[in-house]
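Chains as they are written, first to last, in this note's numbering: chain A, 1 to 94; chain B, 95 to 592.
Note that CB positions come from ideal geometry on N, CA and C, so glycine has one too.
Written out as structure tokens, the structure is:
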């Protein structure tokens, strides 16, 4: 239940925020919500107990990798544009 | 314990991952030798293709307790992914060198992405599927932002990254819910659980339905189906051209591999429930992709929208599979159409982007369609090749694109019902509409006069080989029965009982 709530907060944050860093944080929040769901399944359903921790750890590793790549891209674009606001990244629209 | 024979089944994947590291090591020992790096990568990929072909003769094998499977589908997809990587590497030196972008990092990142695609195509476990997907897309984001001093490239990369990881999170939440309610991450167990639910006429628990909806959304983002396509044009236009070529086929085919493993294998008991969504997605994707492509002046953006439209055609094959009764001929034909379309689309689209990259060997050539004007008089070779690829994308017989379209549209007609034949009609109308914007480029190339200061087009040796290979494949794929045979085997492997 809590994890679904957290996931919704994360996705709302992603859709509502216009700062690239804040959007990145929202994505992390969504991934953590997934982790919470996985751990909760492990805790409450006996049949899933021994898998839950492995899956949660894998998800954490992937989330870390994703944050690394994301921050690198944000830094690259900040050097070009001097702004973290995604609304201003619109040079290709026509 | 894994036996040597089982390790052999892992060989293609291990080879590509090893090659990615080898490329970096070679660059460390001899820095700045781009041609050496290209040679190592090309030789390694050719070796991997040969190994995959040899492994194919040893038959189906399951590893790691059924989490990794090497069947006909895996081998088919591996060969396709390896060819995509090989062609992309052949196309890239001509584009990267004049812009002083490093070749070794490019090749290595691309090879890691391809190893992710190969893992994705071979996995029968939800967690491994997710790992393969991330291994595929994370290097993809880096490739999109590869020209890091270029504002367009980084802008495309950040849009690709934000929406890509957003959709990954959605997909992952769907996977977690599916795992929690079916009790297993194995595709086979999920399928048999759902089989039981359907056979017993029980209702699915709401949370599981929620999970499946999230899975659908995540997968639709990954294949760039309308209305989840917003990242595509910007990511494609901004990326360096060889990367755009790769992004438009590699991750797309891999995302369809994900759909095959997830929806066709794990969720096929529920296919009556998700067929409606696929039909709507396919119709929207084709129509919107083609309509917006009509108005584009930038060739990369136009090809981006056309690739969205092609996603729609491929989805027609999936819809035909989902709408036909189990074990019927149309069901198999739908999957065959999906796979064959992916195969043909990969080569013709890569070829088209290859020609664009060849034109842009001189920095400063924009990707406006006007930079093609009079190409037929300036450089006949590239102009003829571009014509070939565009005609194939239009679907003119006897090129690959024609057979591909026929193989997805016919099963949709066979599937029966009201909606599927209607979808087939929409597909045919779309193919006709698409001809306008493909032919427009051809007219610009041959009818308009070249601009005053236009220079000829020179291509490097690697580029020449790559273009020749894609052109030959575009011509022969539809005609030579070998390609049809291996695609048939891959489709059959999907329908074999788990």
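- Message: According to DSSP, is residue 439 of chain B part of a helix, a strand, or is it coil?
- Response: As a working mapping, residue 439 of chain B is identified with position 345 in the second chain. In this structure, residue 439 of chain B counts as helix in the three-state DSSP scheme.
- Task: Establish whether the CB of residue 335 of chain B and some CB of chain A are separated by less than 8 Å.
- Result: Counted from its first residue, the second chain places residue 335 of chain B at position 241. So, not an interface residue.
- Task: Taking residue 163 of chain B as the reference, give the member of B/214, B/206, B/138 and B/116 with the closest Cα.
- Result: Against the second chain, residue 163 of chain B aligns to sequence position 69. That would be B/214, whose Cα lies nearest to the Cα of residue 163 of chain B.
- Message: Any heavy atom of the ligand PLP closer than 7 Å to the beta-carbon of residue 266 of chain B?
- Response: This structure lacks the ligand PLP, and indeed carries no ligand of any kind.
- How is the beta strand (DSSP E) around residue 157 of chain B delimited, first residue to last? For the purposes of this step, residue 157 of chain B is identified with residue 63 of the second chain, where counting begins at 1. It spans 155 to 157 - the beta strand (DSSP E) in which residue 157 of chain B sits, taken as one unbroken run.
- Message: Check whether chain B comes within 8 Å of residue 81 of chain A, counting only Cβ atoms and requiring the distance to be less than that.
- Response: To locate residue 81 of chain A, count along the first chain from 1; it is residue 81. Judged by the 8 Å Cβ criterion, residue 81 of chain A is in contact with chain B.
- So residue 267 of chain B and residue 308 of chain B are in contact, right, with Cβ under 8 Å, and what is the actual spacing, rounded? Looking up residue 267 of chain B in the second chain gives position 173. Looking up residue 308 of chain B in the second chain gives position 214. Contact holds; Cβ gap of about 5 Å.
- Message: Cβ closer than 9 Å: which chain B residues qualify as neighbours of residue 38 of chain A?
- Response: If you number the first chain from 1, residue 38 of chain A lands on position 38. Within chain B, the residues near residue 38 of chain A are 270, 273 and 274.
- Message: Would the region 341 to 348 of chain B count as touching the region 318 to 331 of chain B if we require 3 or more Cβ pairs under 8 Å?
- Response: yes
- Message: Give me the chain B residues within the contact set of residue 9 of chain A, using Cβ-Cβ distance strictly less than 9 Å, ordered along the chain.
- Response: Taking the first chain and counting its residues from 1, one reaches residue 9 of chain A at position 9. Near residue 9 of chain A there are no residues of chain B at all, since even the closest Cβ is about 12 Å away, more than 9 Å.
- Can we say the region 173 to 190 of chain B touches the region 431 to 446 of chain B, given the rule of at least three CB pairs closer than 8 Å? yes
- Query: DSSP state of residue 127 of chain B, grouped into three classes?
  - Reply: Taking the first residue of the second chain as position 1, residue 127 of chain B is located at position 33. Coil at residue 127 of chain B, not helix or strand.
- Task: Mind the definition here: the region 166 to 176 of chain B touches the region 185 to 195 of chain B only if three or more C-beta pairs lie below 8 Å; say whether that holds.
- Result: no
- Message: At the 8 Å Cβ level, is residue 111 of chain B part of the contact set with chain A, yes or no?
- Response: Here residue 111 of chain B refers to the residue found at position 17 of the second chain. Taking Cβ atoms only, chain A never reaches closer than 8 Å to residue 111 of chain B, which makes this a no.
- Report yes if the CB atom of residue 37 of chain A is closer than 8 Å to the CB atom of residue 274 of chain B, and no otherwise. Residue mapping note: residue 37 of chain A aligns to position 37 of the first chain, counting from 1. Residue mapping note: residue 274 of chain B aligns to position 180 of the second chain, counting from 1. Contact: yes.
- Item | Three-state class that DSSP yields for residue 58 of chain B in the structure shown | Any question about residue 58 of chain B goes unanswered here, given that chain B covers just 95 to 592.
- Query: Which residues in the same chain as residue 63 of chain A place their Cβ atom closer than 7 Å to its Cβ, once the five residues preceding and following it in sequence are excluded?
  - Reply: Counted from its first residue, the first chain places residue 63 of chain A at position 63. Cβ neighbours of residue 63 of chain A beyond the five flanking positions: 28 and 31.
- Query: How close, in whole Å, do the beta carbons of residue 211 of chain B and residue 230 of chain B come, if the pair is a contact with beta carbons under 8 Å?
  - Reply: The sequence position of residue 211 of chain B within the second chain is 117, counting from 1. The sequence position of residue 230 of chain B within the second chain is 136, counting from 1. Their Cβ separation, rounded to whole angstroms, is 5 Å, which keeps residue 211 of chain B and residue 230 of chain B in contact under 8 Å.
- Cβ pair residue 432 of chain B, residue 412 of chain B closer than 8 Å: As a position in the second chain, residue 432 of chain B is number 338, starting the count at 1. As a position in the second chain, residue 412 of chain B is number 318, starting the count at 1. Cβ atoms of residue 432 of chain B and residue 412 of chain B: closer than 8 Å.
- Do you know offhand how far residue 506 of chain B's Cα is from residue 357 of chain B's? Residue numbering aside, residue 506 of chain B sits at position 412 when the second chain is read from its first letter. Residue numbering aside, residue 357 of chain B sits at position 263 when the second chain is read from its first letter. Those two C-alpha atoms are separated by around 18 Å.
- Item | Residue-level contact to chain A via CB, residue 209 of chain B, 8 Å cutoff | Residue 209 of chain B sits at position 115 when you count from the first residue of the second chain. No, residue 209 of chain B does not count as interfacial toward chain A.
- With distances taken from CA atoms, which of B/378, B/351 and B/330 is nearest residue 395 of chain B? Counting from 1 along the second chain, the entry for residue 395 of chain B is found at position 301. Checking every option, the nearest Cα to that of residue 395 of chain B belongs to B/330.
- Would you call residue 423 of chain B buried or exposed, if buried means 16 or more other Cβ atoms sit within 10 Å of its Cβ? Locating residue 423 of chain B in the second chain gives position 329, where the first residue counts as 1. That one is exposed.
- Output the distance between the C-alpha atoms of residue 33 of chain A and residue 347 of chain B, rounded to the nearest integer angstrom. To locate residue 33 of chain A, count along the first chain from 1; it is residue 33. To locate residue 347 of chain B, count along the second chain from 1; it is residue 253. Near 29 Å, if we compare the C-alpha coordinates of residue 347 of chain B and residue 33 of chain A.
- Contact set between the region 58 to 78 of chain A and chain B, restricted to residues whose Cβ is under 8 Å from the partner: 58, 59, 62, 65, 66, 69, 70, 72, 73, 74, 76 and 77
- Message: Give me, in chain order, the residues of the same chain whose beta-carbon lies closer than 8 Å to that of residue 554 of chain B; leave out the 5 immediate sequence neighbours on both sides.
- Response: Here residue 554 of chain B refers to the residue found at position 460 when the second chain is read from its first residue. Taken in chain order, the residues that qualify are 187, 188 and 455.
- Item | Pairwise C-alpha distance: residue 44 of chain A and residue 115 of chain B | Start at 1 with the first residue of the second chain, and residue 115 of chain B comes out as number 21. Start at 1 with the first residue of the first chain, and residue 44 of chain A comes out as number 44. One C-alpha to the other measures close to 42 Å.
- Of all Cβ atoms in chain B, is any one closer than 8 Å to the Cβ of residue 23 of chain A? Here residue 23 of chain A is taken as the residue at index 23 of the first chain, counted from 1. Chain B contact via Cβ: present.
- Short check: CB of residue 136 of chain B to CB of residue 237 of chain B, under 8 Å? For the purposes of this step, residue 136 of chain B is identified with residue 42 of the second chain, where counting begins at 1. For the purposes of this step, residue 237 of chain B is identified with residue 143 of the second chain, where counting begins at 1. No.
- Message: Quick check: the Cα distance between residue 113 of chain A and residue 20 of chain A, rounded to an integer number of angstroms?
- Response: No answer is possible for residue 113 of chain A: it lies beyond the span of chain A, which begins at 1 and ends at 94.
- Item | Same chain, Cβ closer than 7 Å to residue 53 of chain A, five either side skipped, listed in chain order | The residue you call residue 53 of chain A lines up with position 53 of the first chain. So the list reads 42, once near-sequence residues are dropped.
- Task: Would you tell me roughly how many angstroms separate the C-alpha atoms of residue 361 of chain B and residue 284 of chain B, rounded to the nearest one?
- Result: Residue numbering aside, residue 361 of chain B sits at position 267 when the second chain is read from its first letter. Residue numbering aside, residue 284 of chain B sits at position 190 when the second chain is read from its first letter. Taking the straight line from one Cα to the other gives about 8 Å.
- Query: Which first and last residues belong to the beta strand (DSSP E) in which residue 162 of chain B is found?
  - Reply: Start at 1 with the first residue of the second chain, and residue 162 of chain B comes out as number 68. Its beta strand (DSSP E) spans residues 162 to 164.
- Item | Residue burial classification, residue 511 of chain B (beta-carbon count within 10 angstroms, cutoff 16) | Translated into the one-based positions of the second chain, residue 511 of chain B becomes position 417. By the neighbour-count rule (16 or more Cβ atoms within 10 Å), residue 511 of chain B is not buried but exposed.
- Member of B/98, B/198 and B/256 whose CA lies at the smallest distance from the CA of residue 70 of chain A: Looking up residue 70 of chain A in the first chain gives position 70. Residue 70 of chain A has its Cα closest to that of B/256, out of B/98, B/198 and B/256.
- Query: Can you give the Cα-Cα distance for residue 227 of chain B and residue 235 of chain B, rounded to whole angstroms?
  - Reply: Here the question's residue 227 of chain B lines up with position 133 in the second chain. Here the question's residue 235 of chain B lines up with position 141 in the second chain. Straight-line Cα distance between these residues: approximately 12 Å.
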